[in-house]
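One structure below.
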Amino acid sequence: MKILVCISKTPDTTAKIAFTDNNTKFDTNGVQWIINPYDEWYSLVRAIELKEKDTSTAIHLVTVGGVDAEPIIRKALALGGDEAFRINADSHDSYYIASQIAEIANQGSYDIIFTGKETIDYNGSSIGGLLAGLLNKPYVALATKFELSGTKAVVTREVDGGEEVCEVELPVVVSCQKGIAEQRIPNMRGIMAARTKPLKVSEPVAADTLTSITSFSLPPAKAGVKLVPADNVEELVRLLHEEAKAF
Amino acid sequence: MSVLIFIDAADGHVKKASFEVLSYGSKVAEQLGTSAEAVVLGSVTEDLTSLGKYGVKKIHQVSNDLLNHLDSQVYTNVIAQVAQATGAKVIVFSNNVDGKAIAPRLSAKLKAGLVSGAVALPETASGFVVRKTVFSGKAFASISINTDIKIIALNPNAYQVTVGEGTAEVVPFNATVETAKVKVVNVSKASGEVPLTEAEIVVSAGRGMKGPENWGIIEDLAKALHAATACSRPVADAHWRPHNEHVGQTGIAIAPNLYIAVGISGAIQHLAGVNRSKIIVVINKDPEAPFFKAADYGIVGDAFEVVPKMTEAIKKIKG
Chain C
2 MKILVCISKT PDTTAKIAFT DNNTKFDTNG VQWIINPYDE WYSLVRAIEL
52 KEKDTSTAIH LVTVGGVDAE PIIRKALALG GDEAFRINAD SHDSYYIASQ
102 IAEIANQGSY DIIFTGKETI DYNGSSIGGL LAGLLNKPYV ALATKFELSG
152 TKAVVTREVD GGEEVCEVEL PVVVSCQKGI AEQRIPNMRG IMAARTKPLK
202 VSEPVAADTL TSITSFSLPP AKAGVKLVPA DNVEELVRLL HEEAKAF
Chain P
21 MSVLIFIDAA DGHVKKASFE VLSYGSKVAE QLGTSAEAVV LGSVTEDLTS
71 LGKYGVKKIH QVSNDLLNHL DSQVYTNVIA QVAQATGAKV IVFSNNVDGK
121 AIAPRLSAKL KAGLVSGAVA LPETASGFVV RKTVFSGKAF ASISINTDIK
171 IIALNPNAYQ VTVGEGTAEV VPFNATVETA KVKVVNVSKA SGEVPLTEAE
221 IVVSAGRGMK GPENWGIIED LAKALHAATA CSRPVADAHW RPHNEHVGQT
271 GIAIAPNLYI AVGISGAIQH LAGVNRSKII VVINKDPEAP FFKAADYGIV
321 GDAFEVVPKM TEAIKKIKG
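So the protein sequences, as listed, match chains C and P. Take 2 as the starting number for the first sequence in our numbering and just add one per residue. Take 21 as the starting number for the second sequence in our numbering and just add one per residue.
Okay, here's the thing in structure tokens:
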């Protein structure tokens with residue numbers, strides 16, 4: 002069994018969101034970088050759990066990013082990947098990024114490709130679908146459970162108002178979200194081992210970019226909270242009904 | 021040339037998110053001086069012609085039982101056929117569970133630039149620029165789509181449904197439909213409950229509830245408002261509530277008209293998932309809870325006293 006896990010570097014969830022260069026670039030000043038939580042907690046950990054059940058499983062990691070993405074990919078290796086690829090490119094266009102990952106995927110004949118359901122910075126939710134499209138492989142989005150049964154994957158996915166269980170022959174591309182695995186913390190042995198695990202750097206292949214960011218903006222600040230005394234709940238309900246017209 | 025809108029239906033019913041994309045897509049067509057057409061896949065029991073009131077002129081229906089369950093590969097190939105036949109230059113999806121599965125795949129197939137999570141109409145005066153949420157709702161980015169065909173996935177609850185006059189012409193579309201590789205073997209849906217992402221009102225609770233046995237008052241309030249229930253991350257992690265109720269940066273992002281947060285302190289990660297809500301009400305006994313800074317209305321008080329009183333007062337108004 003060979004699993005490819007897509008890893009993205011994102012700002013920490015508490016990072017201050019600000020922009021520079023006339024609001025055209027994200028201000029990285031003082032930002033702590035983390036593995037995108039959906040990539041780490043869900044897709045990577047689920048891959049590790051599958052390897053724990055079948056130790057012959059190989060887990061490869063891939064990231065598209067500059068040299069500053071290396072601490073992130075090392076941390077992912079410390080959690081449990083076997084080897085990693087970094088494609089030395091910096092892009093915010095999901096088609097370009099997916100094209101780079103597709104190249105690695107084509108070389109490795111993977112049984113499973115995991116992505117997070119989205120990154121917490123650009124919230125595109127699109128790498129999994131793009132990748133599946135480029136590779137012409139089946140795709141299950143927003144998975145909350147993933148099991149193997151022979152040459153099939155049994156995947157539970159979110160649908161509006163509930164869940165669906167699907168079966169699909171491998172190979173498959175799956176985007177993972179909460180429920181599929183529990184968060185883990187790397188241990189010292191993993192951190193030491195990660196230092197010597199292979200991290201292969203390659204230059205990007207030629208690919209098109211279909212979109213470009215023109216500017217960023219911040220939402221307008223709230224006017225301030227209107228507090229109602231706790232002994233006058235009826236007044237709050239009246240305000241919601243008459244002033245805010247919220248119900 | 022046309023704007024093609026994907027009508028999302030499940031179990032024979034058109035989803036609310038589809039009314040939003042129909043309204044949005046029709047407006048885009050108007051902006052571009054072209055016509056709005058739509059595509060619907062699988063069996064639909066509802067009357068589709070009435071969807072014309074949202075501005076769509078023509079609906080292409082591919083009624084094939086193979087399309088009653090979503091396989092992104094099959095759906096993408098069918099939509100691509102419709103897009104080609106209608107000469108679609110802009111294709112609009114809802115950025116809901118189905119849109120997230122199909123739109124990126126179609127983007128790869130047609131090599132059409134995609135903006136997912138759109139919150140506004142495109143600026144089309146020069147170029148084609150769409151505003152979307154980034155950093156989990158903490159900011160917006162304007163994205164230029166630089167390809168001939170453009171795909172937009174509109175965030176649920178981000179665009180006001182507009183109702184006018186008119187009926188749509190429903191025409192059968194004869195598409196090649198292959199057999200799904202992803203086979204649905206079991207469906208479990210909570211019947212009668214409002215799906216979280218489609219809910220106009222959400223009642224959410226956090227650790228302040230002290231334990232899962234105390235959720236009755238939250239459910240009562242939700243019921244009185246015909247609202248969906250949600251929870252904070254610690255609550256889902258402690259298995260007090262199911263994971264699919266977890267809203268926040270690493271859970272589900274929602275944008276209801278009214279979000280009532282009970283006993284949730286308002287960590288930045290939680291706010292990221294709910295800050296697009298139109299009205300936020302916070303009930304917390306800690307006056308220093310950071311959530312009050314992001315709220316429109318609030319009560320500093322004990323949830324166990326305040327919430328049942330709210331339910332009563334709402335019932336009185338609603339009769």
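Positions of the beta carbon are idealized from the N, C-alpha and C atoms, including for glycine.
Report, in whole angstroms, the separation of the C-beta atoms of P/L278 and C/A247, which I expect to be a contact under 8 Å.
The count along the second sequence starts at 1 and reaches residue 278 of chain P at position 258. The count along the first sequence starts at 1 and reaches residue 247 of chain C at position 246. Right, their Cβ atoms sit about 4 Å apart.
DSSP bridge partner residues for C/I36 (one or two, in chain order):
For the purposes of this step, residue 36 of chain C is identified with residue 35 of the first sequence, where counting begins at 1. C/I36 pairs with C/K10.
Kindly indicate if chain C contains any beta-carbon less than 7 Å away from that of P/R261.
The count along the second sequence starts at 1 and reaches residue 261 of chain P at position 241. No, no contact with chain C.
Give me whichever residues DSSP pairs with P/Q81 in a beta bridge.
Start at 1 with the first residue of the second sequence, and residue 81 of chain P comes out as number 61. According to DSSP, P/Q81 bridges with P/V60 and P/P192.
Find the residues of chain P that neighbour C/P139, judging by a C-beta separation of less than 9 Å, and give them in chain order.
Taking the first sequence and counting its residues from 1, the one referred to as residue 139 of chain C is at position 138. In chain order: D91, S92, Q93, A200, K201 and V202.
Beta-carbon of P/F39 versus every beta-carbon of chain C: anything under 7 Å?
By one-based count along the second sequence, residue 39 of chain P stands at place 19. No, because no Cβ of chain C sits closer than 7 Å to the Cβ of P/F39.
What are the start and end residues of the alpha helix (DSSP H) that includes P/K336?
Translated into the one-based positions of the second sequence, residue 336 of chain P becomes position 316. Unbroken alpha helix (DSSP H) run through P/K336: A323 to K338.
For C/L80 and C/I49, believed in contact at Cβ under 8 Å, the rounded distance:
Position 48 of the first sequence, counted from the start, is the residue given in the question as residue 49 of chain C. Position 79 of the first sequence, counted from the start, is the residue given in the question as residue 80 of chain C. Yes, they are in contact, since the Cβ atoms of C/I49 and C/L80 sit about 7 Å apart, within 8 Å.
Just how far apart, CA to CA, sit P/I334 and C/H242?
Residue numbering aside, residue 334 of chain P sits at position 314 when the second sequence is read from its first letter. Residue numbering aside, residue 242 of chain C sits at position 241 when the first sequence is read from its first letter. Roughly 9 Å separates the two Cα atoms.
Among the candidates C/F27, C/P199 and C/G225, whose CA atom is the shortest distance from the CA of C/E84?
What you label residue 84 of chain C is simply residue 83 of the first sequence in a count that begins at 1. Nearest C-alpha to C/E84: C/P199.
Apart from the five residues on each side of it in sequence, which residues of its chain come closer than 6 Å, Cβ to Cβ, to C/F86?
Within the first sequence, residue 86 of chain C is the residue found at index 85, counting from 1. If we look at C/F86 and ignore the five residues flanking it on each side, its Cβ neighbours are V63, I105 and K201.
According to DSSP, is P/N206 part of a helix, a strand, or is it coil?
The residue you call residue 206 of chain P lines up with position 186 of the second sequence. Looking at P/N206 - three-state DSSP - the assignment turns out to be strand.
Note down, in chain order, every chain C residue with its Cβ under 7 Å from the Cβ of P/V320.
Position 300 of the second sequence holds residue 320 of chain P. Near P/V320 (Cβ distances below 7 Å), the residues of chain C are L228 and A231.
Taking only the alpha-carbon atoms, compute the straight-line gap between P/A323 and P/N175 and give it to the nearest angstrom.
Residue numbering aside, residue 323 of chain P sits at position 303 when the second sequence is read from its first letter. Residue numbering aside, residue 175 of chain P sits at position 155 when the second sequence is read from its first letter. Whole-angstrom Cα-Cα distance: 32 Å.
Can you list, in chain order, the residues of its chain with a C-beta nearer than 6 Å to that of C/V229? Leave out the 5 residues immediately preceding and following it.
As a first step, residue 229 of chain C is located in the first sequence; it is residue number 228 there, counting from the start. Excluding positions up to five away in sequence, the list reads E236 and L237.
Residues in the region 166-192 of chain P having any Cβ partner in chain C nearer than 7 Å
N166 and T167
Please list the partners that P/Q289 has in chain C, where partner means a Cβ-to-Cβ separation under 8 Å.
As a position in the second sequence, residue 289 of chain P is number 269, starting the count at 1. By Cβ distance, chain C contributes T14 and T15.
Excluding five sequence neighbours on each side, which residues of the same chain lie with their C-beta closer than 7 Å to the C-beta of C/G67?
On the first sequence, position 66 is the one that residue 67 of chain C refers to. Answer for C/G67: N89 and D91, listed in chain order.
Beta carbon of P/S92, beta carbon of P/I122: below 7 Å?
The residue labelled residue 92 of chain P in the question sits at position 72 within the second sequence. The residue labelled residue 122 of chain P in the question sits at position 102 within the second sequence. Going by C-beta atoms, P/S92 is nearer than 7 Å to P/I122.
Could you tell me the distance, in whole angstroms, from the CA atom of P/I171 to the CA atom of P/S114?
Position 151 of the second sequence, counting from 1, holds the residue named residue 171 of chain P. Position 94 of the second sequence, counting from 1, holds the residue named residue 114 of chain P. Taking the straight line from one Cα to the other gives about 11 Å.
Coil, strand or helix - P/N304 by DSSP:
What you label residue 304 of chain P is simply residue 284 of the second sequence in a count that begins at 1. P/N304: strand per DSSP, three-state reduction.
What would DSSP say about C/A222, mapped onto helix, strand or coil?
Here residue 222 of chain C refers to the residue found at position 221 of the first sequence. Correct three-state label for C/A222: coil.
Under 7 Å, do C/T15 and P/I274 count as touching if we go by C-beta distance?
Translated into the one-based positions of the first sequence, residue 15 of chain C becomes position 14. Translated into the one-based positions of the second sequence, residue 274 of chain P becomes position 254. No, the Cβ-Cβ distance between C/T15 and P/I274 is not below 7 Å.
Within 7 Å, strictly: CB atoms of P/G184 and P/K73:
The residue labelled residue 184 of chain P in the question sits at position 164 within the second sequence. The residue labelled residue 73 of chain P in the question sits at position 53 within the second sequence. Contact: yes.
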